[in-house]
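As you go down the protein sequences, you meet chains W and S in turn. For what it's worth, this note's numbering labels the leading residue of the first sequence as 1, then goes sequentially. For what it's worth, this note's numbering labels the leading residue of the second sequence as 1, then goes sequentially. Down below is the structure, laid out as structure tokens.
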Amino acid sequence: EPEVTQTPSHQVTQMGQEVILRCVPISNHLYFYWYRQILGQKVEFLVSFYNNEISEKSEIFDDQFSVERPDGSNFTLKIRSTKLEDSAMYFCASRDTQANTEAFFGQGTRLTVV
Amino acid sequence: AQTVTQSQPEMSVQEAETVTLSCTYDTSESDYYLFWYKQPPSRQMILVIRQEAYKQQNATENRFSVNFQKAAKSFSLKISDSQLGDAAMYFCAYEGRDQFYFGTGTSLTVIP
């Protein structure tokens, strides 16, 4: 079965540094998402992306965050200047069409900000 | 707005016994997906079972089955013949037109 892949599986970064989390969605999918889960808390929506632009974002997704699909296969989440509270599990997901199809999650990237 | 509620923060079950995890949701949409995800200590999100809302038949996947009550907006997970490896955090999730909505999770302990 096709799958969404995320790299790296674990990233440790110093506070204030920029970090880029990478995702390779399923090849024919058109809608892409980032979610995060702070340890011990629920999974939270960050942003959705379609047709090379953000279609929806949550209040968590502030100016420190950006997303990009640089080459038609990767879908990246950049955090410009990481804070301790950005430490979380970040999940990428993709789906084929908007209506009535399911999305598939990657295995997640654990980000630790020290 | 869509919400997903898991009213059981923790559950425990004896090995080989059956346990049911509860989930309710609220939505005005008619077509959607529902999921149960398992999250072990590695924190990877592992899909356990999925249910399409337009299908009346309850989904089953080996020892895992759901009781989907669309009118009641209820989606419980039954784990039969529980195994030690089933111990994990379980999240119920609703997928609508725009995004996923997750419950707060139920921590399942399996007692040998």
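From the three backbone atoms N, C-alpha and C, an ideal C-beta is built for every residue, glycine too.
Would you say residue i faces chain W, with C-beta separation under 8 Å as the test?
| i | result |
| --- | --- |
| Met45/S | yes |
| Gly85/S | no |
| Thr27/S | no |
| Thr104/S | yes |
| Gln2/S | no |
| Phe64/S | no |
I need the DSSP call for residue i, collapsed to helix, strand or coil.
| i | result |
| --- | --- |
| Leu21/W | strand |
| Leu39/W | coil |
| Leu30/W | coil |
| Glu56/W | strand |
| Asp143/W | Residue coverage of chain W in this structure runs from 1 to 114, which leaves residue 143/W outside it and unanswerable. |
| Glu85/W | helix |
| Asp26/S | strand |
How would you list, in chain order, the residues of chain S whose beta-carbon sits under 9 Å from the beta-carbon of residue i?
| i | result |
| --- | --- |
| Glu102/W | Tyr33, Phe35, Arg50, Glu52, Glu95 |
For residue i and chain S, any beta-carbon pair shorter than 8 Å?
| i | result |
| --- | --- |
| Glu85/W | no |
| Glu3/W | no |
| Lys42/W | yes |
| Ser186/W | What is shown of chain W runs 1 to 114, which leaves residue 186/W out entirely. |
| Phe48/W | Reading the sequence as shown, one finds Ser at residue 48/W and not Phe. Answer yes: the Cβ-Cβ gap between Ser48/W and chain S drops below 8 Å somewhere. |
| Tyr33/W | yes |
| Phe45/W | yes |
| Pro110/W | First, the residue type needs correcting, since residue 110/W is Arg and not Pro in the sequence shown. It does; some Cβ of chain S falls within 8 Å. |
Going by CA-CA distance only, name the one from the options that's closest to residue i.
| i | options | result |
| --- | --- | --- |
| Phe100/S | Leu34/S, Val19/S, Gln6/S | Leu34/S |
| Glu52/S | Gln44/S, Ile46/S, Lys73/S, Asn62/S | Lys73/S |
| Arg22/W | Val4/W, Val113/W, Val114/W | Val4/W |
| Glu10/S | Ser22/S, Phe102/S, Val4/S, Gln2/S | Ser22/S |
In angstroms, rounded to a whole number, what distance separates the CA positions of residue i and residue j?
| i | j | result |
| --- | --- | --- |
| Thr76/W | Thr82/W | 15 Å |
| Glu85/W | Arg50/S | 32 Å |
| Gln6/W | Ser94/W | 12 Å |
| Asn67/S | Thr109/S | 21 Å |
| Cys92/S | Gly85/S | 19 Å |
| Pro41/S | Leu111/W | 15 Å |
| Gln17/W | Gln83/S | 43 Å |
Quick one: which chain S residues come within Cβ less than 7 Å of residue i?
| i | result |
| --- | --- |
| Arg36/W | Within 7 Å Cβ-Cβ: nothing; Arg36/W doesn't reach chain S, min ~11 Å. |
Using a C-beta to C-beta distance shorter than 8 Å, which residues of chain S count as neighbours of residue i?
| i | result |
| --- | --- |
| Gly16/W | Those do not exist, as Gly16/W stays about 25 Å from chain S at its closest Cβ, beyond 8 Å. |
| Gln107/W | Gln44, Met45 |
Less than 7 Å separating the Cβ of residue i from some heavy atom of the ligand ATP?
| i | result |
| --- | --- |
| Val4/S | Annotation note on the ligand ATP: not contained in the displayed structure, which lists no ligands. |
Counting only Cβ pairs nearer than 7 Å, list the residues of chain W close to residue i.
| i | result |
| --- | --- |
| Gln69/S | The contacting residues do not exist; Gln69/S stays about 20 Å from chain W at best. |
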